[in-house]
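Here is the structure we will look at.
Protein chains: 2
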Amino acid sequence: MGVVVQKYGGSSVADAEGIKRVARRVVETKKAGNQVVVVVSAMGDTTDELIDLANEVSPLPPARELDMLLTAGERISMAVLAMAIQNLGHEARSFTGSQAGVITDAEHGRAKIIDVTPGRIQAAIDEGAIAIVAGFQGVSQTTKDITTLGRGGSDTTAVALAVALEADVCEIYSDVDGIFTADPRIEPRARKVPRISYEETLEMAAQGAKILHLRCVEYARRYDMPIHVRSSFSEKEGTWVVKADDVSQESTMEAAIITGVAHDRSQAKITVVGVPDKPGEAAAIFRAVADAQINIDMIVQNVSAAATSLTDISFTLPRGEGQTAMTALSKLKDAVGFDSLQYDDSVGKVSIVGAGMSSAPGISARFFEALSEAGVNIEMISTSEIRVSVVVAETQVQDAVNAAHAAFDLGSDEIEAVVYGGTGR
Amino acid sequence: MGVVVQKYGGSSVADAEGIKRVARRVVETKKAGNQVVVVVSAMGDTTDELIDLANEVSPLPPARELDMLLTAGERISMAVLAMAIQNLGHEARSFTGSQAGVITDAEHGRAKIIDVTPGRIQAAIDEGAIAIVAGFQGVSQTTKDITTLGRGGSDTTAVALAVALEADVCEIYSDVDGIFTADPRIEPRARKVPRISYEETLEMAAQGAKILHLRCVEYARRYDMPIHVRSSFSEKEGTWVVKADDVSQESTMEAAIITGVAHDRSQAKITVVGVPDKPGEAAAIFRAVADAQINIDMIVQNVSAAATSLTDISFTLPRGEGQTAMTALSKLKDAVGFDSLQYDDSVGKVSIVGAGMSSAPGISARFFEALSEAGVNIEMISTSEIRVSVVVAETQVQDAVNAAHAAFDLGSDEIEAVVYGGTGR
Chain D
1 MGVVVQKYGG SSVADAEGIK RVARRVVETK KAGNQVVVVV SAMGDTTDEL
51 IDLANEVSPL PPARELDMLL TAGERISMAV LAMAIQNLGH EARSFTGSQA
101 GVITDAEHGR AKIIDVTPGR IQAAIDEGAI AIVAGFQGVS QTTKDITTLG
151 RGGSDTTAVA LAVALEADVC EIYSDVDGIF TADPRIEPRA RKVPRISYEE
201 TLEMAAQGAK ILHLRCVEYA RRYDMPIHVR SSFSEKEGTW VVKADDVSQE
251 STMEAAIITG VAHDRSQAKI TVVGVPDKPG EAAAIFRAVA DAQINIDMIV
301 QNVSAAATSL TDISFTLPRG EGQTAMTALS KLKDAVGFDS LQYDDSVGKV
351 SIVGAGMSSA PGISARFFEA LSEAGVNIEM ISTSEIRVSV VVAETQVQDA
401 VNAAHAAFDL GSDEIEAVVY GGTGR
Chain W
426 MGVVVQKYGG SSVADAEGIK RVARRVVETK KAGNQVVVVV SAMGDTTDEL
476 IDLANEVSPL PPARELDMLL TAGERISMAV LAMAIQNLGH EARSFTGSQA
526 GVITDAEHGR AKIIDVTPGR IQAAIDEGAI AIVAGFQGVS QTTKDITTLG
576 RGGSDTTAVA LAVALEADVC EIYSDVDGIF TADPRIEPRA RKVPRISYEE
626 TLEMAAQGAK ILHLRCVEYA RRYDMPIHVR SSFSEKEGTW VVKADDVSQE
676 STMEAAIITG VAHDRSQAKI TVVGVPDKPG EAAAIFRAVA DAQINIDMIV
726 QNVSAAATSL TDISFTLPRG EGQTAMTALS KLKDAVGFDS LQYDDSVGKV
776 SIVGAGMSSA PGISARFFEA LSEAGVNIEM ISTSEIRVSV VVAETQVQDA
826 VNAAHAAFDL GSDEIEAVVY GGTGR
C-alpha cells in the first residue's frame with residue numbers, strides 16, 4: 001500500500017459542491033488501495049476577504065496577527081472536507097499545520113519549512129483514516145507562533161509532507177489539466193506535456209508560466225519527489241514533474257529539444273540613457289535599485305558609442321515596482337551623470353525552455369529567425385543553460401509565442417479545450 | 426498593578442467598527458494601569474454561518490470536525506482585535522484556546538475545562554502586552570484535538586482564565602447594562618441590580634433570565650471570582666456578581682428580600698391524565714422521558730381523587746422536546762394504564778429570586794396574592810431555598826412579572842432605557 005499526498009487549491013474547494021466533488025475523488029484514491037493525505041487551500045476568495053477585514057481595522061496589519069487570521073481560511077476548508085468525506089462513510093481527520101508537524105522559522109507571511117514531523121498524520125493513516133492537512137501554514141520552532149508560508153505555500157506543504165511520509169507521489173490538483181507547451185489561451189495548438197523535468201518546470205515558472213510555485217518545485221527536486229499536476233475536474237492523466245533522467249528515458253523516441261514556451265506580461269522595462277562608460281556606474285545604478293527592494297530580472301548594457309563613451313543600460317522589473325525604481329534612480333541623476341530615464345510598461349517576455357537545448361546548437365538562431373519572420377522585434381535577450389528569453393512589445397507577445405511554438409513543432413494536431421489558470425496559494 | 430480579564434460577546438465584535446470600539450475600551454483599561462487579558466467570541470453570526478456550511482456537506486457533521494470548523498470563528502475575531510489594538514499603538518498578541526492553556530476533556534461540542542495552564546498569557550502580560558484569547562475553545566488532554574465548550578463557553582473561558590491568572594475581576598461585556606430586577610422589555614420599571622450573589626444569579630439564569638451562563642457562574646462561585654456584568658456600549662457601572670456575604674454587607678441599609686423576577690417563555694407542559702395511584706407508575710413515566718433524553722423542569726402530581734384512585738401528573742419541559750416526549754409517553758399508555766396525554770405549549774414560567782427569602786416568612790403568600798389580584802391563574806408551583814416559581818398561561822406572563830415586581834417594591838422611579846439580550850456564546 002502506497003502513500004499518496006493530494007493537494008487541492010482554492011478553486012477546487014470554492015464551495016460546498018466543490019468540496020463534495022473533492023471528497024469523492026479522495027475516497028476513490030483511498031478505495032484504490034492507497035493511504036491518502038490531503039492538503040487543502042482556503043475556499044475560493046476566503047483569503048482575500050480576510051485580508052479586506054484586516055485592512056478595515058489596520059492600514060498595516062502586524063504580520064503575526066495576519067498569519068493567525070489567514071490560517072482560519074484553511075481551518076474552515078479542511079474541517080468541511082473531512083465532514084464531506086465522513087459523510088461518504090470513510091474516516092477522515094483534519095489537522096492544522098502545527099498538528100501536522102510543519103515546523104518553520106519565525107518569518108511571518110513568508111516562513112520557511114525547517115522540519116516536518118508528521119507523527120499524528122502517520123498515526124492517522126496507519127489507523128486507516130484519511131488525513132486532511134491545512135496547507136500554507138506551520139508553527140514557528142522558536143516562538144511557537146502560527147506562521148504562513150507565503151504564496152504557493154500549500155503546494156510546498158504538500159511536497160514537504162509527501163517527502164516526510166515517503167509518499168509515492170504528490171498530486172497537485174487545480175482547474176488545469178497539466179503543464180502545457182504554451183498558455184492555451186493564446187496558443188490554441190498548445191499540447192499537454194506528459195513529463196517534464198524539475199529544472200524545466202522551474203524555468204517555465206520563473207519565466208511567467210502559472211504552473212507550480214518555484215519553492216514547491218525546488219523542494220521536490222531536492223528530495224526527488226515526483227509531482228503529478230492534474231485537474232480536479234477531470235479524470236485525465238496530467239503532467240508528471242520528475243528528475244531529468246526519468247524524462248529522457250521516456251522520450252528517447254522523439255527527443256524534444258524544446259519543452260515549452262512561456263510568456264509573462266507582468267514586467268516593465270527601464271532604460272537609463274547616456275551613462276558614462278566607466279567602472280562603478282552600473283554598480284551605483286543597481287545598488288540604488290536593490291536598496292529600494294526592487295527585484296530586477298533581465299539586464300542589458302549596450303556597447304558604448306565610441307565618440308561619446310556613453311552607454312545605455314536597460315533592465316526589466318515587475319510593473320508594480322516601476323514607480324519606486326524610477327524615483328530611486330532619479331535621485332542618482334547628478335551623481336552618476338546619465339542623461340535621462342525611460343520607462344516602458346508595454347513590454348512582454350517570451351521564453352523557450354528545454355533541457356535538450358544545451359546539447360543542440362542553433363536553437364537561439366531558429367528562435368530569432370521565427371520571430372523575425374513573424375515581424376516581431378526583439379528588444380532584449382537573456383539566456384540560461386536551458387532557456388532563451390526575449391523582451392518584445394506587449395502587442396507582439398501572442399505572435400511571438402505562436403511563432404516559437406510552430407518553429408519547434410510543439411503543437412498537437414487537435415486543439416485541446418482547456419482552462420488555464422493559477423494553482424492558488 | 427492588577428490583572429483584569431474582559432470578555433466581549435459576538436454582538437460587541439460584530440463588525441470592524443465594533444472591533445475598533447472594543448479595542449479603544451481595552452486600551453483604556455490598560456492605560457488605567459492594569460494588565461489586560463481579553464476573551465472574545467466569534468464575530469456576529471459567524472458561528473451560525475459556519476454551521477450552515479457544515480450542513481451543506483453533511484447532515485450530521487462529526488463532532489471533532491465541527492469543533493475544528495467553529496473554532497475558526499474566534500480565531501478571526503481575536504486576530505482582528507489584536508490588529509486593531511496594535512493600530513492604537515499598544516502591543517497585543519492573540520492566542521488560541523490551546524495556546525492559552527485551556528485544557529479540556531475530549532467531549533467535542535460540550536467539553537469541560539480540566540485545567541488552565543496560562544504560561545504564555547502570563548508571559549505576554551508580564552512583557553506589557555495585551556493578551557487576546559479565543560473564547561469557547563480548548564484542547565483535549567488525551568487526544569490533543571481541538572474542542573469547544575458548548576453554549577456559554579466564552580464566558581466560562583473568561584472566568585477560568587481569571588481564576589488561573591488570579592485576576593482582580595472578570596468583566597463580561599454584552600449589549601446590556603447589567604443584571605436587572607426583571608426583563609426591561611416587559612417590565613419598564615426594571616432596575617439594574619448593583620450587586621447580586623452567585624446563588625441568586627444561578628437561580629435567575631436557570632429560571633430563564635438571559636444573563637450569564639450557568640457554567641460560568643458556577644465556576645466563578647467555586648473559586649470566588651467576582652464577575653462584573655456590563656455593556657460595551659456605555660461607560661456605566663454594571664452589576665457585580667459576588668459571594669453572598671459581600672452582597673449583604675453592601676445592602677444592610679435596605680435589605681432586599683427579593684432580588685429579581687425571571688420569566689421563561691420557552692417551556693411547554695405535558696399532563697398525564699388518569700394515572701393509577703400506585704407505586705412505580707410515576708417512575709415508569711419519568712424513566713420513559715429520561716430515556717428519550719428529555720430535560721424536564723417542574724413536576725406536579727395532584728392528590729388522587731378518593732373515588733377513583735386516579736391522579737394527574739404534570740411536568741414542564743423545553744418546547745423543542747415536546748414532540749419527542751409525547752411520542753415516548755404514548756407508547757406507555759397500555760403498560761401504565763393512564764387515560765390520556767395533554768400537551769400545552771402556551772405556558773410561561775415566572776419566578777421570584779432572592780437570598781433574603783429563606784429568612785423572611787410569607788414571601789410565597791405575598792407573591793400568590795399579587796398574582797391573584799392581577800387576575801393571573803397559577804397552574805403549577807415549585808420552590809427552592811431562594812426561589813418561588815409558578816407556571817401560568819403564556820398570555821399572562823407579562824401581567825405576572827409586573828405584579829410580582831410591584832409587590833416586592835423592585836421598581837425604580839425612573840424608567841431606564843436599555844436593550845436586553847443574550848450574551849452570545
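These protein sequence lines are chains D and W, in that order.
Just so you know, we're using the working numbering here: the first sequence kicks off at 1 and counts up by one.
Just so you know, we're using the working numbering here: the second sequence kicks off at 426 and counts up by one.
For each residue, glycine too, the CB sits at the ideal point set by N, CA and C.
Quick caveat, the model's predicted, so the values are computed rather than measured.
Proximity winner among the options, relative to residue i (alpha-carbon distances)
{"i": "N34 of chain D", "options": "D:I19, D:S382, D:V5 and D:A16", "result": "D:V5"}
{"i": "N512 of chain W", "options": "D:A63, D:G337 and D:I363", "result": "D:A63"}
{"i": "A162 of chain D", "options": "D:E379, D:V390, D:K7 and D:D48", "result": "D:K7"}
{"i": "V516 of chain W", "options": "W:V462, W:K569 and W:I501", "result": "One point to set straight first is that residue 516 of chain W is Glu, not Val, in the sequence displayed. For E516 of chain W, the nearest C-alpha among the options comes from W:V462."}
{"i": "A828 of chain W", "options": "W:E810, W:V686 and W:S739", "result": "W:V686"}
{"i": "G435 of chain W", "options": "W:D473, W:Q821 and W:A669", "result": "W:D473"}
{"i": "F180 of chain D", "options": "D:A328, D:D115 and D:K210", "result": "D:K210"}
{"i": "L742 of chain W", "options": "W:L757, W:T733, W:S771 and W:S734", "result": "W:S771"}
{"i": "E499 of chain W", "options": "W:S783, W:Q562 and W:E798", "result": "W:Q562"}
{"i": "V392 of chain D", "options": "D:G18, D:K269, D:E385 and D:R21", "result": "D:K269"}
{"i": "D429 of chain D", "options": "D:M326, D:I121, D:H213 and D:D312", "result": "Residue 429 of chain D lies beyond the residue range present for chain D, which begins at 1 and ends at 425; the question has no answer from this structure."}
{"i": "V247 of chain D", "options": "D:V397, D:G128, D:Y198 and D:K144", "result": "D:Y198"}
{"i": "I444 of chain W", "options": "W:A509, W:T454 and W:V541", "result": "W:A509"}
{"i": "A325 of chain D", "options": "D:V336, D:I285, D:G354 and D:V390", "result": "D:I285"}
{"i": "E373 of chain D", "options": "D:K349, D:M357, D:G362 and D:D399", "result": "D:D399"}
{"i": "T429 of chain D", "options": "D:A106, D:V353 and D:L341", "result": "Outside the shown range of chain D (1 to 425) lies residue 429 of chain D, about which nothing can therefore be said."}
{"i": "D649 of chain W", "options": "W:V601, W:G544, W:S657 and W:D593", "result": "W:D593"}
Contact with chain D by residue i, beta-carbon distance below 8 angstroms
{"i": "M678 of chain W", "result": "At M678 of chain W the pLDDT is 44, less than 50, meaning the model places this residue with poor confidence and gives no usable figure here."}
{"i": "A669 of chain W", "result": "no"}
{"i": "M493 of chain W", "result": "yes"}
{"i": "S797 of chain W", "result": "no"}
{"i": "S519 of chain W", "result": "yes"}
{"i": "P651 of chain W", "result": "no"}
{"i": "I444 of chain W", "result": "yes"}
{"i": "A439 of chain W", "result": "no"}
{"i": "R489 of chain W", "result": "yes"}
{"i": "L478 of chain W", "result": "yes"}
{"i": "P486 of chain W", "result": "yes"}
Min CB distance residue i to chain W below 8 angstroms
{"i": "R232 of chain D", "result": "Checking the displayed sequence, the identity of residue 232 of chain D turns out to be Ser instead of Arg. No, its Cβ sits nowhere closer than 8 angstroms to a Cβ of chain W."}
{"i": "A82 of chain D", "result": "yes"}
{"i": "A72 of chain D", "result": "yes"}
{"i": "P118 of chain D", "result": "no"}
{"i": "Q86 of chain D", "result": "yes"}
{"i": "E56 of chain D", "result": "yes"}
{"i": "L50 of chain D", "result": "yes"}
{"i": "A106 of chain D", "result": "no"}
{"i": "I76 of chain D", "result": "yes"}
{"i": "P429 of chain D", "result": "Outside the displayed span of chain D (1 to 425) sits residue 429 of chain D, for which this structure offers no information."}
{"i": "A129 of chain D", "result": "no"}
{"i": "A427 of chain D", "result": "Residue numbering for chain D in the displayed model covers 1 to 425; residue 427 of chain D lies beyond these limits and cannot be assessed."}
{"i": "P184 of chain D", "result": "no"}
{"i": "L161 of chain D", "result": "no"}
{"i": "A79 of chain D", "result": "yes"}
Beta bridge counterpart(s) of residue i as assigned by DSSP
{"i": "L766 of chain W", "result": "W:V697"}
{"i": "Q562 of chain W", "result": "W:T573"}
{"i": "E453 of chain W", "result": "Note: E453 of chain W sits in no beta bridge, so no partner."}
{"i": "E532 of chain W", "result": "DSSP lists no partner for E532 of chain W."}
{"i": "S266 of chain D", "result": "DSSP, once it has assigned bridges, lists no residue as partnering S266 of chain D."}
{"i": "T239 of chain D", "result": "D:V229"}
Whole alpha helix (DSSP H) elements within the segment 718-759 of chain W, 4-residue minimum: 747-755
Write down every uninterrupted run of the beta strand (DSSP E) in the segment 176-229 of chain D whose length is 3 residues or greater and which is fully enclosed by it, in chain order. 195-197
May I have a chain-ordered list of the beta strand (DSSP E) segments no shorter than 3 residues that lie completely inside the segment 460-518 of chain W? 460-465
Counting only Cβ-Cβ distances shorter than 9 angstroms, please list the residues of the segment 625-643 of chain W near chain D, keeping chain order. none
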